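Residue numbers (our numbering), protein chains in the order written: chain A, 24 to 129; chain B, 95 to 326.
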Amino acid sequence: MVEWSLIIYCGIITFFSRYLMIAILKKEMFTDRIREVLSFVPSAIFPAIIFPAIFLDNTGDLLLEANPKIFAAIIAILVGLITKNVIATIFSGLISYWFLIFIIFN
Amino acid sequence: MSNRFKIFFKGVTDVSPLMIPVVPFGIIFGVLAIDLGLSPLTTMAMSIIIFGGASQIVFLQLFSAGASSLVILSSVGAVNSRHLLYGAVLSEHMSDFNMTWKIIISYFLVDQAFAVTNPYLKKSNDKDKVFHSFGAGATCWTVWQTTTLIGIFLGSIIPEKLGLSFAVPLTFLALLVDDFRKLINVIVIIASGLIATIGYEVIPFKAYVIVAAVSGLLLAMIITKFKGSNNG
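Now the structure itself:
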């Protein structure tokens, strides 16, 4: 059972991060240096979700051999680099994953 | 057709192409939440109360891993910190909006709405320009709630062996695609990913997301500083 209060607090945090950006923060508060560093936030945080979901199995153990997720992720990255298309990236990864688990590794 | 409605409608049409990737994202969120044992009501409430795809997915991942409330909250905060960057560009264009509009737009302003609202506000002098942000935001909201609902229905139908949870890393991977071409970003991506993977079992309280993110950002600070002083 998810705590309702936790959902509400996460909602408040998300709301205030947006409220800060449109109502309180001003351009002058950001030096070029701060802006440069903040531009790395997605690169710093999203891999923390991506990597464990690819390299770890359900129990949290490292799975490097015969791991279809690694191959599928590499294909998705290549498709992403070539097409720069979000949908193509997601679906090329999913389709190659299904191909691997249902046909090759089956 | 009134001027306000025209501007609202322009917001809707401007943001619509950006809704295409949001459709699978919303469905995946709904399916995953049901898979993890959340009730349809809780799942829907998350999309309405939090209304932020990345925040909701991070919430789900950490919640299912048994993380504490504090860790979930700080990780969601870290995910949202990317919004601070937008503040640097957006607030000056919104200074004439009244408080009520600022609150409404704050709730609606997801990344896709920001992407179209910022260039519009930059060049528009219309007194009703807030309706553009409202139209874009309301479109994102409707698409997100609808796709969450579709996901909730599909969640009970889609077999677990399809491994749809793999769509989560793929979705975040897709969000990073533009950064794969930049060397410093690639270094930060690999460092953060390795720390999270190794730290998953080692770092207490499932704080691996926040530890990896902070380390990655510190590394970015160090590299860019070194690079900057090199050039100067």
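Idealized CB from N, CA, C, for every residue including glycine.
What you are looking at is a predicted structure, and each value in this text was computed from that prediction instead of being measured.
Starting from Ile36 (chain A), find everything on chain B with Cβ-Cβ shorter than 7 Å and list it in chain order. Result: Leu167, Val170, Gly171 and Asn174.
Quick one: what does DSSP say Leu79 (chain A) is sitting in, helix, strand or coil? Three-state DSSP puts Leu79 (chain A) in a strand.
How is Leu135 (chain B) classed by DSSP in three states: helix, strand or coil? In this structure, Leu135 (chain B) counts as helix in the three-state DSSP scheme.
Would you call Val125 (chain B) buried or exposed, if buried means 16 or more other Cβ atoms sit within 10 Å of its Cβ? Residue burial is scored here from C-beta neighbours: Val125 (chain B) has at least 16 other C-beta atoms within 10 angstroms and is therefore classed as buried.
Mind checking which residues open and close the alpha helix (DSSP H) that includes Pro213 (chain B)? Counting along the chain, the alpha helix (DSSP H) containing Pro213 (chain B) begins and ends at Asp205 to Lys217.
Here's the rule I'm using: 16 or more other beta-carbon atoms within 10 Å means buried, otherwise exposed. How should Lys221 (chain B) be labelled? Exposed is the call here.
How would you call Ser28 (chain A), buried or exposed, if buried means at least 16 neighbouring beta carbons within 10 angstroms? Exposed is the call here.
Answer yes or no: do Ala46 (chain A) and Lys196 (chain B) have a C-beta to C-beta separation smaller than 8 Å? Yes, Cβ-Cβ distance for Ala46 (chain A) and Lys196 (chain B) is below 8 Å.
Check whether the Cβ atoms of Ile110 (chain A) and Ile114 (chain B) sit closer than 8 Å, and answer yes or no. Yes, these two residues count as a Cβ contact at 8 Å.
Using the C-alpha atoms, what's the distance from Phe157 (chain B) back to Val102 (chain A)? Between the alpha carbons of Val102 (chain A) and Phe157 (chain B) lies a distance of about 31 Å.
Chain A within 8 Å of Thr125 (chain B), Cβ atoms only: In the sequence as presented, Thr is not what sits at residue 125 (chain B); that position holds Val. Taking Cβ atoms only, chain A never reaches closer than 8 Å to Val125 (chain B), which makes this a no.
Looking only at its chain, what residues have a beta carbon closer than 6 Å to the beta carbon of Leu248 (chain B), apart from the 5 residues adjacent to it on each side? So the qualifying residues of the chain are Val125.
Is the shortest distance between the beta-carbon of Gly310 (chain B) and the beta-carbons of chain A less than 8 Å? Closer than 8 Å to the CB of Gly310 (chain B) there is at least one CB belonging to chain A.
Can you pull the chain A residues whose beta carbon is under 9 Å from the beta carbon of Phe274 (chain B), in chain order? Around Phe274 (chain B), the beta-carbon contacts reaching into chain A at under 9 Å are Ile100, Gly103 and Leu104.
Contact with chain E by Gly257 (chain B), beta-carbon distance below 8 Å: Here chain E cannot be found, since the structure's protein chains are A and B.
Under 8 Å between C-beta atoms, does Phe78 (chain A) make it to chain B? Yes, Phe78 (chain A) lies at the interface with chain B (some Cβ there is under 8 Å from its Cβ).
Are the beta-carbon atoms belonging to Lys321 (chain B) and Ala161 (chain B) less than 8 Å from one another? Contact flag unset, no.
Could you pull out every unbroken alpha helix (DSSP H) segment of at least 4 residues lying fully inside the stretch 33-84 of chain A, listed in chain order? Fully enclosed alpha helix (DSSP H) runs of 4 or longer: 55-61 and 64-78.
Tell me which residues share the same chain as Gly231 (chain B) and place their Cβ nearer than 7 Å to its Cβ, disregarding the 5 neighbours each side in the sequence. Excluding positions up to five away in sequence, the list reads Ile199, Phe202, Leu203 and Ala207.
Would you list, in chain order, the members of the stretch 218-248 of chain B that have their beta-carbon closer than 8 Å to a beta-carbon of chain A? Cβ proximity to chain A below 8 Å picks out nothing from the stretch 218-248 of chain B.
Listing by chain order, which chain A residues have their CB less than 7 Å from the CB of Phe299 (chain B)? What Phe299 (chain B) touches in chain A: nothing, since even the nearest Cβ is about 14 Å away.
Between Gln155 (chain B) and chain A, is any beta-carbon pair separated by less than 8 Å? Closer than 8 Å to some Cβ of chain A, the Cβ of Gln155 (chain B) qualifies, so yes.
Per the contact definition of three or more C-beta pairs closer than 8 Å, is the stretch 160-179 of chain B in contact with the stretch 33-46 of chain A? Result yes; three or more Cβ-Cβ pairs closer than 8 Å.
Would you report the Cα separation of Arg58 (chain A) and Ile283 (chain B), rounded to the nearest angstrom? Straight through space, the alpha carbons of Ile283 (chain B) and Arg58 (chain A) are spaced by roughly 18 Å.
Below 7 Å CB to CB, which residues in the same chain sit around Tyr120 (chain A) once its five sequence neighbours on both sides are set aside? Cβ neighbours of Tyr120 (chain A) beyond the five flanking positions: Pro91, Lys92 and Ala95.
What does Thr107 (chain B) touch in chain A if you count any residue whose Cβ is under 8 Å from its own? Correct list: empty, because the minimum Cβ distance to chain A is about 20 Å.
Considering only C-alpha positions, which residue in the set B:His177, B:Tyr302 and B:Ile151 is nearest to Ala209 (chain B)? Distance from the Cα of Ala209 (chain B) is smallest, within the candidate group B:His177, B:Tyr302 and B:Ile151, for B:His177.
Contact list for the stretch 190-206 of chain B against chain A, Cβ threshold 9 Å: Under the 9 Å Cβ criterion, the stretch 190-206 of chain B contributes Phe191, Met193, Lys196, Ile197, Ile199, Ser200, Tyr201, Phe202, Leu203 and Val204.
In chain B, what lies closer than 7 Å to Phe69 (chain A) by C-beta? Within chain B, the residues whose beta carbon sits less than 7 Å from that of Phe69 (chain A) are Phe266, Leu269 and Leu270, listed in sequence order.
Mind checking the stretch 142-153 of chain B against chain A and listing, in chain order, the residues whose C-beta falls within less than 9 Å of any C-beta there? Residues Ile142, Ile143, Ile144, Phe145, Gly146, Ala148, Ser149, Gln150, Ile151, Val152 and Phe153.
Roughly how many angstroms separate the alpha carbons of Asp84 (chain A) and Thr136 (chain B), rounded to a whole number? Taking the straight line joining both Cα atoms gives about 30 Å.
Whether Val271 (chain B) touches Ile151 (chain B) by CB criterion (8 Å): Val271 (chain B) places its beta carbon 8 Å or farther from that of Ile151 (chain B).
Cutting at 6 Å between CB atoms, please list the residues of its own chain near Ile317 (chain B), excluding the five before and the five after it. Same-chain partners within the cutoff: Ile278.
Helix, strand or coil at Glu26 (chain A) [DSSP, three-state]: Residue state, collapsed to three classes: coil.
Below 7 Å CB to CB, which residues in the same chain sit around Val109 (chain B) once its five sequence neighbours on both sides are set aside? For Val109 (chain B), same chain residues with a beta-carbon under 7 Å away, outside a window of 5 residues either side, are Gln206, Ala207, Val210, Ala230, Thr233 and Cys234 in chain order.
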